[in-house]
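A quick write-up on the structure given underneath.
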Amino acid sequence: PKWVQAIKEEMKALEKNQTWTLETIPREKKTIGCRWVFTIKHNADGSIERYKARLVAKGYTQTYGIDYEETFAPVA
Numbered sequence: 001p002k003w004v005q006a007i008k009e010e011m012k013a014l015e016k017n018q019t020w021t022l023e024t025i026p027r028e029k030k031t032i033g034c035r036w037v038f039t040i041k042h043n044a045d046g047s048i049e050r051y052k053a054r055l056v057a058k059g060y061t062q063t064y065g066i067d068y069e070e071t072f073a074p075v076a
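Residue numbers (full-length UniProt numbering): 1 to 76.
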């Protein structure tokens, strides 16, 4: 349940910041997938502050010479 809540919070922040728009993908292009990264944030005394979930792009799936030169930087 704590990780589910962390995912919901991340999705809410992504939507609030208008992080993406839905687009039609041209036939000659391919999409870059994404995955979740989960981290437990701690206070100075070592106790758990919160559970953090981040949605990250799989940039390593780009192919050199095809889509490698196209750079996208998510900035909130």
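Beta carbons: idealized from backbone N, C-alpha and C, even for Gly.
Quiz prompt | Exposure of Ala76, with buried meaning 16 or more beta-carbon neighbours within 10 Å | solution = Interpretation of Ala76 is limited by its pLDDT of 47, a score under 50 that renders its predicted location unreliable; no figure is taken from the coordinates.
Quiz item: What are the boundary residues of the alpha helix (DSSP H) that includes Glu10?
Solution: According to the DSSP assignment, Glu10 belongs to the alpha helix (DSSP H) that extends over Lys2 to Lys16.
Quiz item: Which same chain residues, not among the five before or five after Glu10, have their C-beta less than 7 Å away from its C-beta?
Solution: Within the same chain, Glu10 has close Cβ partners Ala53, Arg54 and Leu55.
Quiz prompt | Trp20, DSSP secondary structure in three states | solution = Secondary structure of Trp20 (DSSP, three-state): coil.
Exercise. Quick one: measure Cβ to Cβ for Lys58 and Arg50, integer angstroms, because I've assumed they're closer than 8 Å.
Key: About 25 Å separates the CB atoms of Lys58 and Arg50; that is not less than 8 Å, and the two are not in contact.
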